[in-house]
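Keeping their order, the protein sequence lines are chains W and S. Going by our numbering, the letters in the first sequence line up with residues 358 to 585, in that order. Going by our numbering, the letters in the second sequence line up with residues 358 to 585, in that order. Backbone N, C-alpha and C fix where the C-beta goes; we use that ideal spot for every residue, glycine too. Remarks on the structure that follows.
Number of protein chains: 2
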Amino acid sequence: MMERSQKGLAGAGEWHTLQQVLPDFKEKSVLDLGCGYGWHCMYAAENGASKVIGVDQSSKMLEVAKSKSYEYAPIQYVQSSIEDLQLKPKSFDVVLSSLALHYVPSFNDVAKKVYDALKNNGQFIFSVEHPTFTAEGSQEWLYNDKGMIEHFPVDRYFEEGRRESNFLGEKIVKYHKTLTTYLNGLLENGWVLNRVIEPSPPSSMLLNEQMYNELRRPMMLIVAATKQ
Amino acid sequence: MMERSQKGLAGAGEWHTLQQVLPDFKEKSVLDLGCGYGWHCMYAAENGASKVIGVDQSSKMLEVAKSKSYEYAPIQYVQSSIEDLQLKPKSFDVVLSSLALHYVPSFNDVAKKVYDALKNNGQFIFSVEHPTFTAEGSQEWLYNDKGMIEHFPVDRYFEEGRRESNFLGEKIVKYHKTLTTYLNGLLENGWVLNRVIEPSPPSSMLLNEQMYNELRRPMMLIVAATKQ
Numbered sequence: 358m359m360e361r362s363q364k365g366l367a368g369a370g371e372w373h374t375l376q377q378v379l380p381d382f383k384e385k386s387v388l389d390l391g392c393g394y395g396w397h398c399m400y401a402a403e404n405g406a407s408k409v410i411g412v413d414q415s416s417k418m419l420e421v422a423k424s425k426s427y428e429y430a431p432i433q434y435v436q437s438s439i440e441d442l443q444l445k446p447k448s449f450d451v452v453l454s455s456l457a458l459h460y461v462p463s464f465n466d467v468a469k470k471v472y473d474a475l476k477n478n479g480q481f482i483f484s485v486e487h488p489t490f491t492a493e494g495s496q497e498w499l500y501n502d503k504g505m506i507e508h509f510p511v512d513r514y515f516e517e518g519r520r521e522s523n524f525l526g527e528k529i530v531k532y533h534k535t536l537t538t539y540l541n542g543l544l545e546n547g548w549v550l551n552r553v554i555e556p557s558p559p560s561s562m563l564l565n566e567q568m569y570n571e572l573r574r575p576m577m578l579i580v581a582a583t584k585q
Numbered sequence: 358m359m360e361r362s363q364k365g366l367a368g369a370g371e372w373h374t375l376q377q378v379l380p381d382f383k384e385k386s387v388l389d390l391g392c393g394y395g396w397h398c399m400y401a402a403e404n405g406a407s408k409v410i411g412v413d414q415s416s417k418m419l420e421v422a423k424s425k426s427y428e429y430a431p432i433q434y435v436q437s438s439i440e441d442l443q444l445k446p447k448s449f450d451v452v453l454s455s456l457a458l459h460y461v462p463s464f465n466d467v468a469k470k471v472y473d474a475l476k477n478n479g480q481f482i483f484s485v486e487h488p489t490f491t492a493e494g495s496q497e498w499l500y501n502d503k504g505m506i507e508h509f510p511v512d513r514y515f516e517e518g519r520r521e522s523n524f525l526g527e528k529i530v531k532y533h534k535t536l537t538t539y540l541n542g543l544l545e546n547g548w549v550l551n552r553v554i555e556p557s558p559p560s561s562m563l564l565n566e567q568m569y570n571e572l573r574r575p576m577m578l579i580v581a582a583t584k585q
């Protein structure tokens with residue numbers, strides 16, 4: 358079973374880094390905010406979690422997640438936006454969120470919700486698109502006349518809020534936050550920071566030109582924090 | 358006397374932020390790495406520090422610092438590079454460093470040195486040029502044909518090390534490090550992070566166009582950490 362969730366995760370450049378900061382899941386109650394296809398839920402279940410709640414607002418994604426997870430008894434999926442989710446106080450040991458919180462307008466609101474839902478010494482581990490990556494908004498490289506990448510643009514850094522970008526022809530709305538909002542927001546609200554990591558592609562992926570270019574800009578940020 | 362050091366500090370856009378994360382200096386022994394003209398040393402002395410050591414490798418700067426500080430009995434100035442400095446273990450309560458550590462090749466070496474020199478629960482507060490600002494190397498805005506700023510370039514982010522830029526016609530050598538190197542380097546080596554702040558210009562300075570543009574990119578990073 359281990360292989361099943363890993364296949365979905367291994368394609369993601371940041372998985373090898375995220376995996377290193379995940380806690381021991383044995384007998385833990387786990388919440389995954391923005392669970393998508395449920396890969397991280399399955400990973401937690403495979404590693405001994407006693408209860409796993411995956412939350413996503415996409416019914417289509419949850420359908421896929423459910424079809425993949427039917428063998429994993431501890432997992433339940435709940436359809437909800439992260440903003441509207443209601444949680445019982447002190448009911449989780451671990452809250453995960455992989456590349457979802459940059460779609461949410463207020464990080465502080467989420468962090469407060471997670472804080473309340475975690476037991477004491479509970480852990481919050483999340484990845485988001487890096488503030489340097491979300492600031493300008495287009496999320497596109499600057500190219501020269503010959504079609505070569507020149508650099509990545511940064512602009513409007515301290516102007517937090519809505520950004521629109523295109524992904525495969527679809528308009529995507531994300532919310533830029535500064536690094537200060539993520540990290541100092543946690544520090545000022547009772548969290549202890551355990552790890553702050555900007556994942557870079559593993560060397561095994563560097564033959565892929567697209568992955569190689571990801572050494573030129575920070576695209577993601579991984580944060581592990583403990584409620585205290 | 359308060360006014361004297363403040364005048365030098367008030368011109369710096371980040372001072373109002375740095376000041377907020379400084380500890381109570383009363384009866385504290387303080388080390389300032391890269392003290393320059395000694396403004397922060399004087400500030401610590403004015404606020405009750407019992408011993409202040411300012412270290413800089415520039416004899417010219419130290420001359421100025423000494424001439425400004427002659428009334429401040431607790432301050433001593435030492436000419437040394439940060440790398441070559443030898444410190445007695447557990448001899449300081451507070452170590453400061455303002456915009457100096459991006460000139461030093463290895464942050465980890467400095468952090469280890471500071472860790473050893475601090476007493477238990479001692480504090481390390483530093484500002485550096487922001488990794489997003491140091492990555493590409495030129496430290497210059499990209500302008501369009503009309504001479505307007507388009508954006509700020511990021512490149513070579515995960516390629517740490519030497520960068521050369523120009524400042525008033527002089528070649529300046531700095532050393533780019535990732536945010537991960539600064540923050541996770543501390544977290545993995547026994548530090549507790551207290552604050553991580555990207556200062557933006559105070560509103561009183563935003564009428565100045567150059568300062569206003571500093572809302573478009575993160576230029577500095579302020580970190581406060583405790584040895585534990």
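Original post:
Looking only at C-alpha atoms, which of Leu453/S, Val421/S and Asp413/S sits nearest to Tyr400/S?
Top reply: What you label residue 400/S is simply residue 43 of the second sequence in a count that begins at 1. Nearest C-alpha to Tyr400/S: Leu453/S.
Original post:
Below 8 Å between beta carbons: does that hold for Pro575/W and Phe490/W?
Top reply: Translated into positions along the first sequence, residue 575/W becomes position 218. Translated into positions along the first sequence, residue 490/W becomes position 133. Yes, these two residues count as a Cβ contact at 8 Å.
Original post:
Does the region 511-522 of chain S touch the region 546-564 of chain S, meaning 3 or more C-beta pairs lie closer than 8 Å?
Top reply: no
Subject >> Three CB pairs or more closer than 8 Å across the region 534-546 of chain S and the region 462-472 of chain S >> reply: yes
**OP:** Thinking Ser345/S and Glu371/S are a contact (beta carbons under 8 Å), I'd like their distance in whole angstroms, please.
**Re:** The question about residue 345/S has no answer here: the residues shown for chain S are numbered 358 through 585.
**OP:** Find the nearest neighbour of Tyr460/S within the set Glu428/S, Asn501/S, Gln567/S and Arg519/S, judged by alpha-carbon distance.
**Re:** The residue labelled residue 460/S in the question sits at position 103 within the second sequence. Checked all of Glu428/S, Asn501/S, Gln567/S and Arg519/S; the closest Cα to Tyr460/S is Arg519/S.
Original post:
Is Ile432/S closer than 8 Å to Gly391/S when the C-beta atoms are compared?
Top reply: Taking the second sequence and counting its residues from 1, one reaches residue 391/S at position 34. Taking the second sequence and counting its residues from 1, one reaches residue 432/S at position 75. No, the pair does not count as a contact, with Cβ atoms beyond the cut-off.
Subject >> Residue from His397/W, Val451/W, Ala406/W and Gln443/W with nearest C-alpha to Lys425/W >> reply: Locating residue 425/W in the first sequence gives position 68, counting from the first residue. Closest by alpha carbon: His397/W.
Subject >> Enclosing beta strand (DSSP E) for Pro559/W [first to last residue] >> reply: Walking along the first sequence from the start, residue 559/W turns up at place 202. Pro559/W -> no beta strand (DSSP E), and no H or E assigned at all.
Subject >> Extent of the continuous alpha helix (DSSP H) run through Pro575/W >> reply: Residue numbering aside, residue 575/W sits at position 218 when the first sequence is read from its first letter. Neither: Pro575/W is in no alpha helix (DSSP H) and is coded neither H nor E.
Original post:
Whole-angstrom Cβ separation of Glu384/W and Ser415/W, contact assumed at under 8 Å?
Top reply: Against the first sequence, residue 384/W aligns to sequence position 27. Against the first sequence, residue 415/W aligns to sequence position 58. Actually they are not in contact, since the Cβ atoms of Glu384/W and Ser415/W sit about 30 Å apart, beyond 8 Å.
Subject >> Close Cβ partners of Lys584/W (< 6 Å) along its chain, the five nearest in sequence each way excluded >> reply: Counting from 1 along the first sequence, the entry for residue 584/W is found at position 227. Here the set comprises Tyr472, Leu475 and Gly479.
**OP:** Would you mind reading off the limits of the alpha helix (DSSP H) that contains Leu540/W?
**Re:** Residue 540/W sits at position 183 when you count from the first residue of the first sequence. Segment Leu536 to Leu544, the alpha helix (DSSP H) holding Leu540/W.
Original post:
Any beta-carbon of chain W closer than 8 Å to the one on Asn501/S?
Top reply: Within the second sequence, residue 501/S is the residue found at index 144, counting from 1. Cβ-Cβ to chain W under 8 Å: no for Asn501/S.
Subject >> Residues that Val511/S contacts on chain W, provided the C-beta gap is smaller than 7 Å >> reply: Taking the second sequence and counting its residues from 1, the one referred to as residue 511/S is at position 154. Result: Thr489, His508, Phe509, Val511 and Arg574.
**OP:** Check each candidate in Gln496/W, Met577/W and Pro446/W and name the one with the smallest Cα separation from Tyr315/W.
**Re:** This structure does not reach residue 315/W, given that chain W is present from 358 up to 585, and the question cannot be answered.
Subject >> Nonlocal neighbours in the same chain, by C-beta distance under 8 Å from Ile529/W, ignoring five residues either side >> reply: The residue you call residue 529/W lines up with position 172 of the first sequence. Result list for Ile529/W: Glu521, Ser522 and Asn523, in chain order.
Original post:
Per DSSP, what kind of secondary structure is Tyr434/S in: helix, strand or coil?
Top reply: The residue given as residue 434/S occupies position 77 in the second sequence. Note: Tyr434/S maps to strand in three-state DSSP.
**OP:** List in chain order: all unbroken alpha helix (DSSP H) runs of 4+ residues lying wholly within the region 465-492 of chain S.
**Re:** 488-491
Original post:
Where do the N-terminal and C-terminal ends of the beta strand (DSSP E) with Ser455/W fall, by residue?
Top reply: Translated into positions along the first sequence, residue 455/W becomes position 98. That run of the beta strand (DSSP E) goes Phe449 to Ser455.
Original post:
Any idea what DSSP makes of Met359/W, helix, strand or coil?
Top reply: Against the first sequence, residue 359/W aligns to sequence position 2. Residue placement at Met359/W cannot be trusted, given a pLDDT of 46 that sits under 50; what the coordinates show is reported in the next sentence. Met359/W falls in the helix class under three-state DSSP.
Subject >> Rounded separation between Asp441/S and Ile410/S - CA only >> reply: Counting from one through the second sequence, the residue named residue 441/S turns up at place 84. Counting from one through the second sequence, the residue named residue 410/S turns up at place 53. Each residue's Cα considered, the two are about 15 Å apart.
Original post:
Taking just the CA atoms, how far does Ala581/W sit from Glu403/W?
Top reply: Locating residue 403/W in the first sequence gives position 46, where the first residue counts as 1. Locating residue 581/W in the first sequence gives position 224, where the first residue counts as 1. One C-alpha to the other measures close to 21 Å.
Original post:
Comparing alpha-carbon positions, which option in Asn541/W, Tyr427/W, Asn565/W and Pro488/W lies nearest Ile579/S?
Top reply: Stepping through the second sequence from its first residue, residue 579/S is reached at position 222. Closest option to Ile579/S, Cα to Cα, is Asn541/W.
Subject >> Backbone CA spacing between Met359/S and Ser561/S [nearest angstrom] >> reply: To locate residue 359/S, count along the second sequence from 1; it is residue 2. To locate residue 561/S, count along the second sequence from 1; it is residue 204. Because Met359/S carries a pLDDT of 46, less than 50, the predicted location of this residue cannot be relied on, and no value is offered for it.
**OP:** Look up Ala406/W in the DSSP assignment and say whether it is helix, strand or coil.
**Re:** As a first step, residue 406/W must be located in the first sequence, where it is residue number 49. In the structure shown, Ala406/W sits in coil (DSSP, three-state: anything other than H, G, I, E or B).
Original post:
Taking Cβ-Cβ distances shorter than 7 Å, what residues in chain S pair up with Glu555/W?
Top reply: Position 198 of the first sequence, counted from the start, is the residue given in the question as residue 555/W. Within 7 Å Cβ-Cβ: Thr535, Leu536 and Thr537.
Subject >> Beta carbon of Lys470/S nearer than 8 Å to that of Leu499/S >> reply: Taking the second sequence and counting its residues from 1, the one referred to as residue 470/S is at position 113. Taking the second sequence and counting its residues from 1, the one referred to as residue 499/S is at position 142. No, the Cβ-Cβ distance between Lys470/S and Leu499/S is not below 8 Å.
Original post:
With 16 other CB atoms within 10 Å as the buried threshold, where does Glu527/W fall?
Top reply: Looking up residue 527/W in the first sequence gives position 170. Its Cβ having fewer than 16 others within 10 Å, Glu527/W is exposed.
Subject >> Interface partners of Asn541/S on chain W, CB under 9 Å >> reply: In the second sequence, residue 541/S corresponds to position 184, counting from 1. Near Asn541/S (Cβ distances below 9 Å), the residues of chain W are Arg552, Val553, Ile554 and Glu555.
Original post:
For chain W, is any of its Cβ atoms less than 8 Å away from the one on Tyr514/S?
Top reply: Working through the second sequence from its first residue, we reach residue 514/S at position 157. Tyr514/S counts as touching chain W.
Original post:
Can you tell me the Cα-Cα spacing of Phe509/W and Tyr427/W, whole angstroms?
Top reply: Numbered from 1 along the first sequence, position 152 holds the residue referred to as residue 509/W. Numbered from 1 along the first sequence, position 70 holds the residue referred to as residue 427/W. Rounded to the nearest angstrom, the two C-alpha atoms are 42 Å apart.
**OP:** Could you have a look at Lys385/W and say whether DSSP puts it in helix, strand or coil?
**Re:** Taking the first sequence and counting its residues from 1, one reaches residue 385/W at position 28. Coil at Lys385/W, not helix or strand.
Subject >> Within chain S, the residues that Glu493/W reaches when beta carbons sit closer than 8 Å >> reply: By 1-based counting over the first sequence, the position of residue 493/W is 136. Chain S residues near Glu493/W: His508.
Subject >> Lys531/W: first and last residue of the uninterrupted beta strand (DSSP E) it sits in >> reply: Counting from one through the first sequence, the residue named residue 531/W turns up at place 174. Unbroken beta strand (DSSP E) run through Lys531/W: Glu527 to His533.
Original post:
What does Leu544/S reach in chain W if we use C-beta pairs closer than 8 Å?
Top reply: Mapped onto the second sequence, residue 544/S falls at position 187. Result: Leu550, Asn551, Arg552 and Val553.
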